[in-house]
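Chains A and B are the protein sequences, given in the same order.
Quick note on numbering: the first sequence equals residues 1 to 411 in our numbering.
Quick note on numbering: the second sequence equals residues 412 to 822 in our numbering.
Every residue, glycine too, gets a C-beta built ideally from N, C-alpha and C.
Reviewing the structure listed below.
2 protein chains.
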Amino acid sequence: MVVFIIDINKLYSDRAGKMRKSVIRELLKVTQDPEIISFAGGLPNPKSFPISDIESCIHEVLKNHGKTALQYGTTQGLRELREAIAERSYKEGMDISADDVIIMSGSQQALDTVGKLFLNPGDTALCGLPTYLGGINAFRSYEANLEGIPLDGDGMQIDVLEETLKKLRRNEIFPKFVYVVPTFQNPAGVIMPESRRKKLIDIANEYELFIVEDDPYGKLRYDANHIKPIKAFDDIGSVIYMSTFSKILSPGFRLAWTIANPEATRKMIICKQALDLCTNTFTQFITLEFIKRGSLDLHIMKLCEMYKPKRDTMIEAMEKYFPDGYTCHKPKGGMFAWVTLPEGIDTEVMFLDAIKEKVAYVHGKAFHVDGGGARSMRLNFSYSTDEQLDEGMKRLGSVIKKKLEKQETVV
Amino acid sequence: MVVFIIDINKLYSDRAGKMRKSVIRELLKVTQDPEIISFAGGLPNPKSFPISDIESCIHEVLKNHGKTALQYGTTQGLRELREAIAERSYKEGMDISADDVIIMSGSQQALDTVGKLFLNPGDTALCGLPTYLGGINAFRSYEANLEGIPLDGDGMQIDVLEETLKKLRRNEIFPKFVYVVPTFQNPAGVIMPESRRKKLIDIANEYELFIVEDDPYGKLRYDANHIKPIKAFDDIGSVIYMSTFSKILSPGFRLAWTIANPEATRKMIICKQALDLCTNTFTQFITLEFIKRGSLDLHIMKLCEMYKPKRDTMIEAMEKYFPDGYTCHKPKGGMFAWVTLPEGIDTEVMFLDAIKEKVAYVHGKAFHVDGGGARSMRLNFSYSTDEQLDEGMKRLGSVIKKKLEKQETVV
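Shown next as structure tokens:
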């Protein structure tokens, strides 16, 4: 057995000291116990994976492009895949070309790239309260200060954002970007309306900052109308847009993409060269073939058909099993319900009780950069079976009830 | 057309200013002209890819593990793949377990992780003169100072390394690590003997620094005996070892791995969470299946049978077509020949002539952190056909001759 005798702590960078374990990734380990019903991860339903279609695509890819699909690719990514993405983006209202697209090794790499490229230690960036914790982790790993802007039922409160930016400017703090998940926000599930989206562009212009628009769930739409991404209103090149194939095809393929102005794109490519040279070529080819066959849109339709009733099952089970006093905004798309429990409950503390009752979630604090969110929790409805959804919510309801009863006893 | 009106340069981080385009990645673009014979990239021969074996592995994977192989995986990587790597590493003399292994999205990500975790702006790290430029790019992207240590026919000159460390220590500079490619060094092709490997461990102990051992080519051995990695002599946990499936299976799969002490491994996993959550699950499963069938060792044997004569063809063509006065250490493995030309030639300048004659290489300066290497160039022999090897070297010989003749005229 080897013993490390050097004092490794002397060797770490300052930023290494700021890196925190991802709560979700750690939870995923805990929840590998098959008896636990987990609402923690943002995982697609495994039954949704179009396995035989994928195998058929692979056969085509290996037959026609084997030598290229197994080789290194360019850092920016497979041109035909970028063209397909540009075409799809155009239909969503974004006036862009394949040159504006970079294929990333998952959205997390896009977030890391933004952090690496724009954040000096001590720099400020803005994000929602709550917001996706992968964004928090990426930006904090570059020693950024994250300033939280509260959400309401229409997403980030733009008036608070403006006030905050004014206040920061008075203190000579100039944030580098605002990070938003405007459609089916993770974790809150809300949609930012068009008026706020347009207003964001004005703010970016006025305060000279980027908007980092993270859009993994826009296609998983159950009862909302299509709403254009912020990037579609971006006439000044201020939006760095990112989306992913993880939620609409396969997370195992590790494929996402960015759309940005030519100068930011150029620099992000240089940055990515040093990160991983290029994204997985093989899964890029498979995904391209899947899109070319028209299978992706069909698959997205199937996913929506699968997830909408799951959402309903979860919301109904919540009504059935949860004690009064909670709030939950019924999400119109995406993968998550965001629940806030009555005063006095700390979902981080309650997690241990939940695990004992074989049910898991992500506690709300994980999504807050200001220490808030103690009463909230994120519940994923896409991954579980209908039986698990019902049984899991029953268990969770019972955990919450016990917690509240205990409280009353103490009082 | 969108015009970006924000002054983006005000928004970049300081480190963004230190990021340089990878010369090789840029060359790859130039050399996409099919008439150019390129010795530039470190690409496996596309004919080597075991396409039908891979398709058969995929069939098994999708049949038995489809739902897991297309889903998110753990950050550390597929346990069975880590076990297979640990078992193979044990045979090479490394006393390690699957817990010490992380599956990375290519070696470049391993290099980036080391940079992010250990390098503050202004920190010093040591590397060979010459050394792999992907390492240079990764470490410089964290604003490190790179101190070069010259190589001889036995790799990094350990006595110069010690002198340099002493000198740095007198100036109160404490380097974080030494980056080495000890076996079939990229680009120089040389092998570091066991005595120097052991000595490196003593130095790491004495100067309290890490050894970052990059070993992509160790298995591509043509007439050298097996030599244990530095990690095999590491009784103090000072070596962060990395290797890759890119050169022995498929670069398109983007799969590499690290082996390090438990504390560094723990921290690298946290770092990787924010980089990309996890490595491509699908290609991990395929590669595991390929190994389990015993196909990997057979494939490596085939690669050596394919590349050894290619090396010979290149070296012979060099003797036939190059004017006198060059030196080339005949590599005993790997993918590269490293050539140094007569005084007065600048291979970076000569590159334009070479492109005109439809032949490409990587100029030596790209591998030097001290501005040296002007007379050298790296030539890849694994990628080209035998005809291309002969014809390309003929073209290159002619370019060099013309350059030398011009020089004489000038004098």
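Residue-level contact to chain A via CB, residue i, 7 Å cutoff
i, result
"Lys432/B", "yes"
"Asn475/B", "no"
"Ala549/B", "yes"
"Leu557/B", "no"
"Gln519/B", "yes"
"Cys682/B", "yes"
"Ala671/B", "no"
"Pro598/B", "no"
"Val413/B", "Summary for Val413/B: the model assigns pLDDT 48, below 50, so the residue's position carries little reliability, and this model does not support an answer."
"Pro823/B", "Summary: the structure shown does not reach residue 823/B, with chain B confined to residues 412 through 822, and so no result is reported for it."
"Pro640/B", "no"
"Ile469/B", "yes"
"Glu716/B", "no"
"Glu624/B", "no"
"Thr820/B", "no"
CB contact flag (residue i, residue j, <7 Å)
i, j, result
"Arg254/A", "Asn691/B", "yes"
"Met393/A", "Thr347/A", "no"
"Lys332/A", "Ala188/A", "no"
"Thr313/A", "Leu220/A", "no"
"Tyr321/A", "Gly397/A", "yes"
"Glu213/A", "Ile230/A", "yes"
"Cys328/A", "Ala337/A", "yes"
"Thr486/B", "Lys683/B", "yes"
"Asp215/A", "Thr183/A", "yes"
"Leu70/A", "Phe460/B", "yes"
"Phe693/B", "Gly294/A", "no"
"Leu522/B", "Gly546/B", "yes"
"Val101/A", "Ala84/A", "no"
Rounded distance between the beta-carbons of residue j and residue i, thought under 8 Å
i, j, result
"Gly77/A", "Asn186/A", "Not really, about 24 Å apart at Cβ, beyond 8 Å."
"Ile602/B", "Gly559/B", "No, Ile602/B and Gly559/B are not in contact; Cβ-Cβ is about 19 Å, not under 8 Å."
"Leu572/B", "Val589/B", "7 Å"
"Asn791/B", "Phe450/B", "5 Å"
"Glu466/B", "Leu62/A", "5 Å"
"Ser364/B", "Ile670/B", "No information on residue 364/B is available, as it lies outside the stretch 412 to 822 that chain B covers here."
"Ala256/A", "Met104/A", "4 Å"
"Asp276/A", "Gln519/B", "5 Å"
Where residue i meets chain A, residues with beta-carbon distance less than 9 Å
i, result
"Gly663/B", "Thr68, Ala69, Leu70, Gln71, Tyr72, Gly73, Cys278, Asn280, Thr281, Phe282, Thr283, Gln284, Phe285"
Any C-beta of chain B under 7 Å from that of residue i
i, result
"Ile51/A", "yes"
"Phe118/A", "yes"
"Pro34/A", "no"
"Ala16/A", "yes"
"Ile173/A", "no"
"Glu289/A", "no"
"Glu55/A", "yes"
"Arg395/A", "no"
Closer than 8 Å at the beta carbon, the chain A residues around residue i
i, result
"Glu619/B", "Ile6, Asp7, Lys10, Leu11"
"Asp523/B", "Ala274, Leu275, Asp276"
"Ser552/B", "Lys116, Cys271, Ala274"
"Leu454/B", "Gln71, Tyr72"
Cutoff 6 Å; reference residue i; Cβ partners in own chain excluding five residues on either side
i, result
"Met430/B", "Ser552"
"Gly237/A", "Asn261"
"Met335/A", "Gly42, Asn380, Ser382"
"Phe285/A", "Val61, His65, Ala69"
Within chain A, partners of residue i - CB distance below 7 Å
i, result
"His827/B", "Any property of residue 827/B remains undetermined from this structure, which presents chain B solely from 412 to 822."
Same chain, Cβ closer than 8 Å to residue i, neighbours up to 5 away in sequence not counted
i, result
"Thr575/B", "Leu537, Glu558, Ile560"
"Arg806/B", "Ile448, Ala765, Glu768, Lys769, Val770"
Chain-ordered chain B contacts of residue i [CB-CB under 7 Å]
i, result
"Lys176/A", "Leu422"
Contacts that residue i makes with chain B (C-beta to C-beta distance below 9 Å)
i, result
"Ile46/A", "Sequence check: residue 46/A is Pro here, not Ile. What Pro46/A touches in chain B: Gly477, Lys478, Thr479, Leu481, Gln482."
"Lys267/A", "Ile419, Tyr423, Ala427, Met430"
Interface residues of chain B facing residue i [CB-CB closer than 8 Å]
i, result
"Ser105/A", "Ser516, Arg665, Asp687, Asn691"
"Lys310/A", "Within chain B, no residue comes near Lys310/A; the closest Cβ sits about 17 Å away, beyond 8 Å."
Chain-order list of residues whose beta-carbon lies under 7 Å from that of residue i (same chain, five-residue window excluded)
i, result
"Leu530/B", "Ala536, Phe550, Tyr553, Ala555, Lys587"
"Gly533/B", "Glu554, Asn556"
"Gln157/A", "Ile149, Pro150, Leu151"
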